[in-house]
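Below you'll find the structure, written out as structure tokens, and then a few comments.
Structure, rendered in structure tokens:
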């Protein structure tokens with residue numbers, strides 16, 4: 001049986017941010033994952049504090065924005081600003097929700113401009129976060145407290161002093177956490193969108209993304225269907241005034257636990273369930289995990 005101080009399960013954005021912070025704090029950290037990125041490989045990710053068509057301001061948005069701007073620019077460029085082209089009839093409601101929150105924003109003729117929101121390219125970031133970390137590429141067949149049973153060319157068993165589960169949708173069955181599983185797709189466009197826009201769907205970088213598919217109660221792999229492509233293109237036409245050309249598609253499954261992103265589990269903690277807001281919340285909750293392990297909260 002092999003041993004490590006801290007085992008982080010999953011190398012999506014939550015797992016890699018947590019592993020990086022724990023590693024920088026001087027801990028022995030081993031990341032166990034089937035592949036780098038997993039569902040976090042969506043081509044371009046929004047850092048968006050005001051969500052949906054109802055103008056819902058994300059919980060803890062102010063703290064999350066501070067944490068992500070303190071963390072991500074250390075590892076690569078982050079593009080500032082998201083334009084939300086809110087219809088005139090809805091702006092009063094949106095303004096009411098924003099006026100009590102400390103989120104920098106402006107109302108322009110085109111809509112709401114969130115100057116402290118932004119977007120980033122995920123693949124370069126994931127690789128930079130992984131640099132220097134100890135990573136085992138293996139599938140976890142079973143998790144019993146702090147003992148991991150791994151499937152590799154030969155079975156391996158790993159005993160950790162602490163387990164951090166950050167495996168997202170595909171590994172949620174290991175802990176029986178429940179939650180919602182939402183399939184969705186992103187089209188990789190030929191056009192590059194330097195200015196992120198979001199209303200119904202979003203464009204940023206070479207991505208056009210969004211989902212209207214229903215939640216599921218368990219994980220199943222997802223592939224982009226023709227009806228999704230048509231829906232994305234129709235919504236893009238509303239957002240942009242035209243249908244952009246695309247060259248490929250990406251499909252994934254978002255995993256959501258409502259407002260319980262950091263919770264104790266046998267042998268450690270679960271850091272998971274962010275849904276489509278994983279890049280937005282990961283630095284904040286990874287810092288909170290670190291503080292808990294340091295006995296500061």
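Residue numbers (the numbering used here): 1 to 297. The beta carbon of each residue, even a glycine, is placed where N, CA and C say it ideally should be.
Grab me the residues of residue 276's own chain with a C-beta within less than 7 Å of its C-beta, minus the 5 sequence neighbours each way, in chain order. Exclusion of the five residues before and after residue 276 leaves 254 as the residues of its chain whose Cβ lies within less than 7 Å of its Cβ.
Starting from residue 246, follow the beta strand (DSSP E) in both directions and report where the run begins and ends. Per DSSP, residue 246 is one residue of the beta strand (DSSP E) stretching across 246-256.
What number of angstroms, rounded off, separates the C-alpha of residue 281 from the C-alpha of residue 51? 13 Å
Residues in the same chain with beta-carbon distance under 8 Å from residue 190, minus the five sequence neighbours each way, listed in chain order, please. 206, 244, 245, 246, 247
Any contact between the stretch 134-146 and the stretch 96-112? By contact I mean 3 or more CB pairs, one from each, below 8 Å. no
The beta strand (DSSP E) spanning residue 144 covers which residue range? 139-144
Identify the continuous alpha helix (DSSP H) that holds residue 122 and give its terminal residues. Where residue 122 is concerned, the enclosing alpha helix (DSSP H) starts and stops at 122-130.
Just to confirm the assignment: which complete beta strand (DSSP E) runs, minimum length 3, are found wholly within the stretch 189-237? Taking only runs of at least 3 residues, the beta strand (DSSP E) segments lying wholly in the stretch 189-237 are 201-210.
Alpha-carbon to alpha-carbon, residue 92 and residue 36: 43 Å
Distance, Cα to Cα, residue 228 vs residue 181? When rounded, the distance between both Cα atoms is 17 Å.
Candidates 233, 225, 270, 17: closest to residue 251 by CA position: 225
Taking 7 Å as the threshold (C-beta atoms), are residue 162 and residue 273 in contact? no
Environment of residue 87 [buried if 16+ CB atoms lie within 10 Å]: exposed
Going by other Cβ atoms of all chains shown within 10 Å of its Cβ, with 16 needed for buried, is residue 12 buried or exposed? The residue is buried, with at least 16 neighbouring Cβ atoms inside 10 Å.
Leaving aside the five residues before and after residue 70 along the sequence, list all residues of the same chain whose C-beta is less than 8 Å from its C-beta, in chain order. 283
Report yes if the C-beta distance between residue 256 and residue 83 is below 7 Å; otherwise report no. no
At least three beta-carbon pairs within less than 8 Å, the stretch 124-136 to the stretch 2-16: Using a Cβ-Cβ distance cut-off of 8 Å, the stretch 124-136 and the stretch 2-16 are in contact, since at least three pairs of beta carbons, one from each stretch, lie closer than that value.
Please report the straight-line C-alpha distance between residue 22 and residue 29, rounded to a whole angstrom. 7 Å
Nearest to residue 185 by alpha carbon, out of 214, 60, 289? 214
Do residue 151 and residue 1 have their CB atoms nearer than 7 Å? no
Which residues share a DSSP beta bridge with residue 101? BP columns for residue 101 are empty, so no partner.
Taking Cβ to Cβ, would you say residue 79 is nearer than 7 Å to residue 26? In this structure, residue 79 keeps its C-beta atom at 7 Å or more from the C-beta atom of residue 26.
Tell me the start and end of each unbroken alpha helix (DSSP H) in the stretch 4-44 that is at least 4 residues and wholly inside, in chain order. 13-24
Cα-Cα, which of 165, 183, 90 is closest to residue 7? 165
Closer than 7 Å by C-beta to residue 46: which residues in its own chain qualify, once you throw out the five before and the five after it? Chain order, please. 82, 119, 196, 198, 202, 204
Give me the residue from 138, 61, 258, 94 with the minimum Cα distance to residue 32. 138
Starting from residue 264, follow the beta strand (DSSP E) in both directions and report where the run begins and ends. For residue 264, the enclosing beta strand (DSSP E) begins and ends at 262-265.
Let me confirm a value: residue 288 is counted as buried when at least 16 other C-beta atoms fall within 10 Å, else exposed. Which label applies? Counting Cβ neighbours within 10 Å, residue 288 comes out buried, since at least 16 surround it.
Which residue or residues does DSSP assign as beta-bridge partners of residue 80? 118
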